[in-house]
Amino acid sequence: MIEQPSYYAIIPANVRYDKKLPSKAPLLYGEITALCNKEGVCWASDDYFMNLYEVSKSTIQSWLKSLDENGYIDREVILKKDSKEIDKRYIRISDRVYRKTGIPYADNLENPIPKNRVDNITNNNNTSINKEVEDAPQNNESESLVSEKKSFNLWQKNWGFPNSVAQQDLHEWINDFGDELVTHAIKYALRSNVTSRGADRYLWQVFDDYKKYKITTVEQALKKEEEHQQQKSREYAAEKTKRTNYRQPIQKEKLPDWSQEGYVPEAPKSTMSDEERDELKKKLSRFRKKEI
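All residue numbers for the sequence shown refer to the UniProt record's numbering, where the first residue is 1 and numbers rise by one.
Pasting the structure below:
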């Protein structure tokens, strides 16, 4: 079991709202800042992050690559002597982030930055502290704790307390769609018998559809759900008709001639040859002479 220390993670707005990043990469960024807060540099291996987020190694590497390519982290790899095998890997928060946001992430760094510009601080015991940021979207919910929302309470009541990943997702969904629509989506998932294990992934699909069809209200969602149900009913009826039409015809077995009304049996046909017939006549003739 991974130890859950009480140091803080910082996820600036420019990281949280960067559409070029995979959806969970900002969480990984926050964990890296937390580890940098503790050590001044992140030493954690891919295995550590794999166990923490319960994803594959390739997924972790993809998140790290995206953070690196978009200028949020710097990675340094040290190889073993006379070998291409990796000995150590360091991850640091990129100086480019500081220059762009003016946000500090640790007091023990060489160039700390004023503390009055903190965007989003999340410690890994799932407690969030959100403050207003100038560059955040105007409709964001950063001023209200996610835990105060109906959607959060509904999730907790039916699927248990949401982990840090689910909390981040809830925060993002509430920002994008509002608490009322997120609550409706959770109720829709519950009616579909979605379990806690698959809730996060299922809801991502729901909200992807909302974005695709530009759904922003509960009324629009209900209308789309009704259309979807009607479409399913039509497809079911069409499939049922197709199965009926392609059903093989029932073959009726023909009854034998002797079972038919008015049947007259045919006289048996002789199978004797002419010679055999002549021989039989001779035998009968001799037999009659003996009787006389």
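Yeah, the Cβ is synthetic: ideal placement off N, Cα and C, and Gly gets one too.
Computed from a predicted model, the values in this text were never measured in an experiment.
| message | Quick check on Glu227: does DSSP put it in helix, strand or coil? | response | For this step, residue 227 is matched to residue 227 along the sequence shown. Helix at Glu227.
| query | Smallest Cα separation from Asp87: which of Ile174, Ser45, Gly40, Asp278? | reply | Within the sequence shown, numbered from 1, the residue matching residue 87 stands at position 87. If we check each option's Cα against that of Asp87, Ser45 comes out closest.
| query | For the 8 angstroms Cβ check, are there 3 or more pairs between the region 58 to 78 and the region 17 to 35? | reply | Yes: the two stretches touch, three or more of their Cβ pairs being nearer than 8 angstroms.
| Selected residue, minimal CA-CA separation from Asp176, among Trp155, Phe161, Lys211 | Numbered from 1 along the sequence shown, position 176 holds the residue referred to as residue 176. Selected option, being the one with the closest Cα: Lys211.
| request: With DSSP collapsed to three states, give me the class of Asp74. | output: By 1-based counting over the sequence shown, the position of residue 74 is 74. Correct three-state label for Asp74: strand.
| query | Would you say Tyr53 and Val206 are within 8 angstroms of each other, going by their C-beta atoms? | reply | Numbered from 1 along the sequence shown, position 53 holds the residue referred to as residue 53. Numbered from 1 along the sequence shown, position 206 holds the residue referred to as residue 206. Contact flag unset, no.
| Near Asp200, what residues of its chain come up, given a Cβ to Cβ distance below 8 angstroms and the 5 sequence neighbours on each side ignored? | Start at 1 with the first residue of the sequence shown, and residue 200 comes out as number 200. Counting only Cβ-Cβ distances below 8 angstroms, and skipping sequence neighbours, we find Val165, Ala166, Asp169.
| Where Asp107 and Glu85 are concerned, what is the direct C-alpha to C-alpha distance, given to the nearest angstrom? | In the sequence shown, residue 107 corresponds to position 107, counting from 1. In the sequence shown, residue 85 corresponds to position 85, counting from 1. Any answer about Asp107 is weak, because its pLDDT of 41 lies below 50 and its placement is not dependable; what the coordinates show is given next. Computed Cα separation, rounded: 33 angstroms.
| request: Identify every run of the alpha helix (DSSP H) within the UniProt domain "DnaB/C C-terminal" (152 to 224), keeping only runs that are complete inside it and at least 4 residues long; order them along the chain. | output: 164 to 177, 179 to 191, 199 to 212
| task | Report yes if the CB atom of Ile174 is closer than 8 angstroms to the CB atom of Trp155, and no otherwise. | result | For the purposes of this step, residue 174 is taken as the residue at position 174 of the sequence shown. For the purposes of this step, residue 155 is taken as the residue at position 155 of the sequence shown. No.
| For the alpha helix (DSSP H) that contains Ile60, what are its first and last residues? | Taking the sequence shown and counting its residues from 1, one reaches residue 60 at position 60. From DSSP, the alpha helix (DSSP H) with Ile60 extends over 57 to 69.
| query | Which residue or residues does DSSP assign as beta-bridge partners of Cys42? | reply | Numbered from its first residue, the sequence shown carries residue 42 at position 42. Answer is Ile91.
| What is the DSSP secondary structure of Asp107, reduced to helix, strand or coil? | Position 107 of the sequence shown holds residue 107. Bear in mind that the predicted position of Asp107 carries a pLDDT of just 41, short of 50, making it too unreliable to give a figure here.
| request: With DSSP collapsed to three states, give me the class of Leu79. | output: As a working note, residue 79 is residue 79 in the sequence shown. Strand, per DSSP.
| request: Output the boundary residues of the alpha helix (DSSP H) element that contains residue 300. | output: The chain is shown only over 1 to 292; residue 300 falls outside these bounds and no answer can be derived.
| Among Gly30, Phe152, Asp82, Thr59, which has the Cα closest to the Cα of Arg72? | By 1-based counting over the sequence shown, the position of residue 72 is 72. Checking the sequence, you will find Tyr at residue 72 rather than Arg. Cα-wise, what sits closest to Tyr72 is Gly30.
| query | For Gly198, which of Asp274, Lys283, Asn158 has the nearest alpha-carbon? | reply | In the sequence shown, the residue the question calls residue 198 occupies position 198. It is Asn158 whose Cα lies nearest to the Cα of Gly198.
| request: Go through its chain and collect everything with a Cβ distance to Pro26's Cβ below 8 angstroms, but skip five positions before and after it. | output: Residue mapping note: residue 26 aligns to position 26 of the sequence shown, counting from 1. Excluding positions up to five away in sequence, the list reads Ile11, Val15, Arg16, Asp18, Gln168.
| query | So what does DSSP say about Tyr8, is it helix, strand or coil? | reply | Locating residue 8 in the sequence shown gives position 8, counting from the first residue. Strand, per DSSP.
| query | Cβ-heavy atom distance between Trp159 and the ligand FAD below 7 angstroms? | reply | This structure lacks the ligand FAD, and indeed carries no ligand of any kind.
| When burial is assigned at 16 or more other CB atoms within 10 Å of the CB, is Leu222 buried or exposed? | Working through the sequence shown from its first residue, we reach residue 222 at position 222. So Leu222 counts as exposed.
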